[in-house]
Amino acid sequence: MKLQTLRGEFQSLRMNDSEFISDYFDRVQTIVNQMRVNGEKLDDQRIVKKIMRSLSARFDYTVAATKEGKDILALTVERLMSSLCSHEQRMNQRINSTIWSKPCRVKHLLEVVVANKVAEVVVMAEIEQDTTTSTI
(Lines of atoms letter the chains of each structure in order from A and count residues from 1; the text may use other names and numbers.)
(Lines give C-alpha, C1' and ligand atoms only; values in the text may rest on other atoms or scores of the structure.)
Protein backbone atom coordinates (compact mmCIF):
# COMPACT_ATOMS: atom_id res chain seq x y z
CA MET A 1 0.00 0.00 0.00
CA LYS A 2 2.85 2.38 0.86
CA LEU A 3 4.47 1.81 -2.54
CA GLN A 4 1.21 2.57 -4.34
CA THR A 5 0.93 5.89 -2.47
CA LEU A 6 4.53 6.75 -3.37
CA ARG A 7 3.87 5.92 -7.03
CA GLY A 8 0.94 8.33 -6.95
CA GLU A 9 3.11 11.03 -5.39
CA PHE A 10 5.79 10.44 -8.03
CA GLN A 11 3.25 10.68 -10.85
CA SER A 12 1.70 13.88 -9.48
CA LEU A 13 5.00 15.68 -8.88
CA ARG A 14 5.12 19.13 -10.48
CA MET A 15 7.61 21.91 -10.02
CA ASN A 16 6.13 25.08 -8.53
CA ASP A 17 6.75 28.29 -10.51
CA SER A 18 8.67 29.94 -7.68
CA GLU A 19 10.60 26.82 -6.67
CA PHE A 20 14.36 26.52 -7.11
CA ILE A 21 15.51 23.62 -9.25
CA SER A 22 17.61 22.20 -6.38
CA ASP A 23 14.55 22.17 -4.10
CA TYR A 24 12.51 20.39 -6.75
CA PHE A 25 15.25 17.79 -7.25
CA ASP A 26 15.31 17.24 -3.48
CA ARG A 27 11.56 16.55 -3.51
CA VAL A 28 11.90 14.16 -6.43
CA GLN A 29 14.89 12.39 -4.89
CA THR A 30 13.12 11.97 -1.55
CA ILE A 31 10.18 10.20 -3.18
CA VAL A 32 12.46 8.14 -5.45
CA ASN A 33 14.53 6.99 -2.45
CA GLN A 34 11.39 6.02 -0.52
CA MET A 35 10.11 4.08 -3.54
CA ARG A 36 13.42 2.22 -3.86
CA VAL A 37 13.43 1.37 -0.15
CA ASN A 38 9.97 -0.13 -0.67
CA GLY A 39 11.14 -2.32 -3.55
CA GLU A 40 10.46 -0.18 -6.64
CA LYS A 41 13.06 -0.40 -9.38
CA LEU A 42 13.50 3.05 -10.92
CA ASP A 43 16.14 3.72 -13.54
CA ASP A 44 17.60 7.15 -14.34
CA GLN A 45 15.82 7.28 -17.68
CA ARG A 46 12.38 7.13 -16.04
CA ILE A 47 13.33 9.76 -13.45
CA VAL A 48 14.88 12.07 -16.07
CA LYS A 49 11.76 11.85 -18.25
CA LYS A 50 9.53 12.57 -15.24
CA ILE A 51 11.60 15.59 -14.23
CA MET A 52 11.65 17.00 -17.75
CA ARG A 53 7.86 16.62 -18.08
CA SER A 54 7.14 18.24 -14.74
CA LEU A 55 9.38 21.33 -14.76
CA SER A 56 7.87 24.80 -14.61
CA ALA A 57 7.39 26.71 -17.87
CA ARG A 58 10.54 28.79 -17.37
CA PHE A 59 12.54 25.67 -18.29
CA ASP A 60 10.67 24.93 -21.54
CA TYR A 61 13.51 26.10 -23.80
CA THR A 62 16.10 24.20 -21.78
CA VAL A 63 14.05 21.01 -21.94
CA ALA A 64 13.62 21.40 -25.70
CA ALA A 65 17.35 22.03 -26.18
CA THR A 66 18.21 19.07 -23.95
CA LYS A 67 15.91 16.78 -25.93
CA GLU A 68 17.44 17.96 -29.22
CA GLY A 69 21.08 18.07 -28.21
CA LYS A 70 21.58 15.19 -25.81
CA ASP A 71 20.87 11.51 -25.87
CA ILE A 72 18.07 11.33 -23.31
CA LEU A 73 18.65 7.61 -22.85
CA ALA A 74 22.20 8.29 -21.65
CA LEU A 75 21.34 11.36 -19.53
CA THR A 76 21.70 10.80 -15.79
CA VAL A 77 19.70 12.58 -13.10
CA GLU A 78 22.91 14.23 -11.86
CA ARG A 79 23.83 15.60 -15.30
CA LEU A 80 20.29 16.87 -15.84
CA MET A 81 20.34 18.59 -12.46
CA SER A 82 23.71 20.17 -13.21
CA SER A 83 22.47 21.45 -16.56
CA LEU A 84 19.24 22.85 -15.11
CA CYS A 85 21.04 24.47 -12.15
CA SER A 86 23.40 26.23 -14.57
CA HIS A 87 20.45 27.46 -16.59
CA GLU A 88 18.68 28.69 -13.46
CA GLN A 89 21.79 30.58 -12.34
CA ARG A 90 22.07 32.29 -15.74
CA MET A 91 18.39 33.28 -15.60
CA ASN A 92 18.80 34.65 -12.07
CA GLN A 93 21.88 36.65 -13.08
CA ARG A 94 19.96 38.21 -15.98
CA ILE A 95 17.03 39.04 -13.73
CA ASN A 96 19.32 40.56 -11.10
CA SER A 97 21.22 42.63 -13.65
CA THR A 98 17.92 43.90 -15.06
CA ILE A 99 16.64 44.77 -11.61
CA TRP A 100 19.83 46.60 -10.71
CA SER A 101 20.00 48.46 -14.00
CA LYS A 102 16.46 49.82 -13.66
CA PRO A 103 17.27 52.09 -10.70
CA CYS A 104 20.19 53.46 -12.72
CA ARG A 105 17.85 54.28 -15.59
CA VAL A 106 15.35 55.84 -13.20
CA LYS A 107 18.11 57.88 -11.57
CA HIS A 108 19.27 59.10 -14.98
CA LEU A 109 15.71 60.01 -15.94
CA LEU A 110 15.26 61.95 -12.70
CA GLU A 111 18.51 63.81 -13.33
CA VAL A 112 17.28 64.80 -16.79
CA VAL A 113 13.92 65.95 -15.41
CA VAL A 114 15.61 67.98 -12.66
CA ALA A 115 18.06 69.51 -15.14
CA ASN A 116 15.18 70.49 -17.43
CA LYS A 117 13.26 71.97 -14.50
CA VAL A 118 16.32 73.97 -13.39
CA ALA A 119 16.82 75.25 -16.93
CA GLU A 120 13.15 76.25 -17.05
CA VAL A 121 13.43 78.13 -13.74
CA VAL A 122 16.58 79.92 -14.96
CA VAL A 123 14.87 80.98 -18.18
CA MET A 124 11.81 82.18 -16.24
CA ALA A 125 14.05 84.16 -13.88
CA GLU A 126 15.86 85.76 -16.82
CA ILE A 127 12.55 86.67 -18.47
CA GLU A 128 11.31 88.13 -15.21
CA GLN A 129 14.54 90.09 -14.77
CA ASP A 130 14.31 91.40 -18.34
CA THR A 131 10.71 92.41 -17.75
CA THR A 132 11.54 94.25 -14.52
CA THR A 133 14.58 95.94 -16.06
CA SER A 134 12.67 97.12 -19.11
CA THR A 135 9.82 98.60 -17.03
CA ILE A 136 12.21 100.74 -15.01
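First residue of the sequence shown? That's 51 in our numbering, and the numbers climb one at a time after it.
Positions of the beta carbon are idealized from the N, C-alpha and C atoms, including for glycine.
Would you kindly check if the distance between the Cβ of residue j and the Cβ of residue i is under 8 Å?
i: V82; j: I101; result: no
i: F70; j: E128; result: no
i: M141; j: S104; result: no
i: M85; j: L130; result: no
Can you give me the start and stop residues for the alpha helix (DSSP H) that residue i sits inside?
i: R64; result: From DSSP, R64 is part of no alpha helix (DSSP H); its letter is neither H nor E.
i: E118; result: 110 to 119
i: T48; result: Any question about residue 48 goes unanswered here, given that the chain covers just 51 to 186.
i: K100; result: 94 to 104
i: N83; result: 71 to 87
Assuming residue i and residue j are in contact, meaning their beta carbons sit under 8 Å apart, how far apart are those beta carbons, in whole angstroms?
i: L63; j: V78; result: 6 Å
i: T116; j: S133; result: 7 Å
Residue i to residue j, Cα distance in whole Å?
i: D67; j: E118; result: 24 Å
i: F75; j: A124; result: 19 Å
i: V113; j: Q61; result: 19 Å
i: L53; j: C135; result: 30 Å
i: Q95; j: N146; result: 34 Å
i: D93; j: Q143; result: 33 Å
i: Y111; j: D73; result: 20 Å
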